[in-house]
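Numbered per the working numbering, the sequence shown finishes at 413, counting up by one with no gaps.
Note that the Cβ used here is the ideal one computed from N, Cα and C, for glycine as well.
Below is one structure, written out as structure tokens; comments come after it.
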Amino acid sequence: MPDVYDLTRGDSPLIVSMPHCGTALPPGLEERLTPEARTLPDTDWHIPRLYDFAGGMGATVLAARYSRYVVDLNRPPGNESLYPGQATTGLCPETLFDGAPLYADGRGPGEAEVAERVETCWRPYHAALAEEIARVKDRHGFALLYDAHSIRSHVPRLFKGRLPDLNLGTAMGESCPSALREALALVLAEISTHGHPAVVDGRFIGGYITRHYGRPGESVFAVQMELAQAAYMEETPPFAFDEAKAAAFRPHLRKVLETLLGFRA
Numbered sequence: 149m150p151d152v153y154d155l156t157r158g159d160s161p162l163i164v165s166m167p168h169c170g171t172a173l174p175p176g177l178e179e180r181l182t183p184e185a186r187t188l189p190d191t192d193w194h195i196p197r198l199y200d201f202a203g204g205m206g207a208t209v210l211a212a213r214y215s216r217y218v219v220d221l222n223r224p225p226g227n228e229s230l231y232p233g234q235a236t237t238g239l240c241p242e243t244l245f246d247g248a249p250l251y252a253d254g255r256g257p258g259e260a261e262v263a264e265r266v267e268t269c270w271r272p273y274h275a276a277l278a279e280e281i282a283r284v285k286d287r288h289g290f291a292l293l294y295d296a297h298s299i300r301s302h303v304p305r306l307f308k309g310r311l312p313d314l315n316l317g318t319a320m321g322e323s324c325p326s327a328l329r330e331a332l333a334l335v336l337a338e339i340s341t342h343g344h345p346a347v348v349d350g351r352f353i354g355g356y357i358t359r360h361y362g363r364p365g366e367s368v369f370a371v372q373m374e375l376a377q378a379a380y381m382e383e384t385p386p387f388a389f390d391e392a393k394a395a396a397f398r399p400h401l402r403k404v405l406e407t408l409l410g411f412r413a
């Protein structure tokens, strides 16, 4: 599958990864999905549009084109669980977030198909991400990786109650320096006073990208941000972007990215 991602290079140390914003499906896959799955409800909807200011801040932006239903770019290639004992989805998911089947006939991809998806979609994205990390680190001496996500504010199978609007993950402090985690926590605490609840290392502590690439000892600092979609869009089909909500929300996201850019180890 050619063109599995869009890449816009910036000149700052910040890289914004968007692994779940894609909506493309390879030929033959859509007709295998259930009617609900065909609406792609578990997409990180409109993330490139929400963060349309990031390029102007000098960020490098890497955005997936293909749906997470093809292969989940934020899961390890060996499909090990990132949240042992908790409900989650796998490398090539066979269920929706709510537990409903993804495939109409109940038959997901076999080993050969999974391997092909990893080779044609997962590996190119991660090769590009690794290359960009190396490029900005070579130029600046360090790299800042911000893994951008969003999810419906209520998914009872995955978490209780309503998700906070901003959910920062640092792999429990393992993917970035404690000083950066503390600086971001202060920013999120301030944002919370403006009606957007926020948490650090709550239900979402960071997926494969944050945990794999975040290596403070090697001057690569990574965090994941999981947003509640209710903060900027409609959470039911057709999953419309709400420009008024987004316009009020973007300044808070900009402040988070500014805090990252202002960090010096």
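Count the other C-beta atoms from every protein chain shown that fall within 10 angstroms of the C-beta of residue i, then say buried if there are 16 or more, exposed otherwise.
i, result
"residue 377", "buried"
"residue 155", "exposed"
"residue 166", "buried"
"residue 280", "buried"
"residue 257", "buried"
In the DSSP assignment, what are the bridge partners of residue i?
i, result
"residue 302", "Note: residue 302 sits in no beta bridge, so no partner."
"residue 208", "163"
"residue 154", "211"
"residue 372", "295 and 317"
"residue 435", "The question about residue 435 has no answer here: the residues shown for the chain are numbered 149 through 413."
"residue 363", "368"
Taking the alpha carbon of residue i as the reference point, which residue from the options has its own alpha carbon closest?
i, options, result
"residue 311", "321, 341 and 351", "351"
"residue 259", "359, 292, 340 and 225", "225"
"residue 392", "381, 401 and 367", "381"
"residue 196", "363, 413, 208 and 159", "208"
"residue 277", "356, 251 and 261", "356"
"residue 231", "290, 188, 354 and 385", "354"
"residue 299", "339, 390 and 383", "383"
"residue 180", "251, 236, 315 and 151", "251"
Under 6 Å Cβ to Cβ from residue i, same chain only, skipping five residues before and after it: list those, please.
i, result
"residue 292", "161, 162, 369 and 408"
"residue 238", "227"
"residue 411", "328"
Grab me the residues of residue i's own chain with a C-beta within less than 8 Å of its C-beta, minus the 5 sequence neighbours each way, in chain order.
i, result
"residue 406", "205"
Might you give, ordered along the chain, the residues of its own chain that have their beta carbon closer than 7 Å to the beta carbon of residue i, omitting 5 neighbours on each side?
i, result
"residue 186", "178"
Any 3 or more C-beta pairs closer than 8 Å across the stretch 318-329 and the stretch 365-377: A contact between stretches requires three or more CB pairs, one per stretch, nearer than 8 Å, and the stretch 318-329 meets this requirement with the stretch 365-377.
Okay, do the stretch 158-176 and the stretch 213-221 touch, 3+ Cβ pairs below 8 Å being the bar? Contact between the stretch 158-176 and the stretch 213-221 is present, because at least three Cβ pairs lie under 8 Å.
I'd like to know if the stretch 359-368 and the stretch 318-327 are in contact, where contact means that at least 3 CB-CB pairs between them fall below 8 Å. At 8 Å Cβ cutoff, the stretches touch.
Is it a yes or a no for the stretch 298-312 touching the stretch 267-277, going by three-plus beta-carbon pairs under 8 Å? Touching, no, given that fewer than three Cβ pairs across the two stretches are closer than 8 Å.
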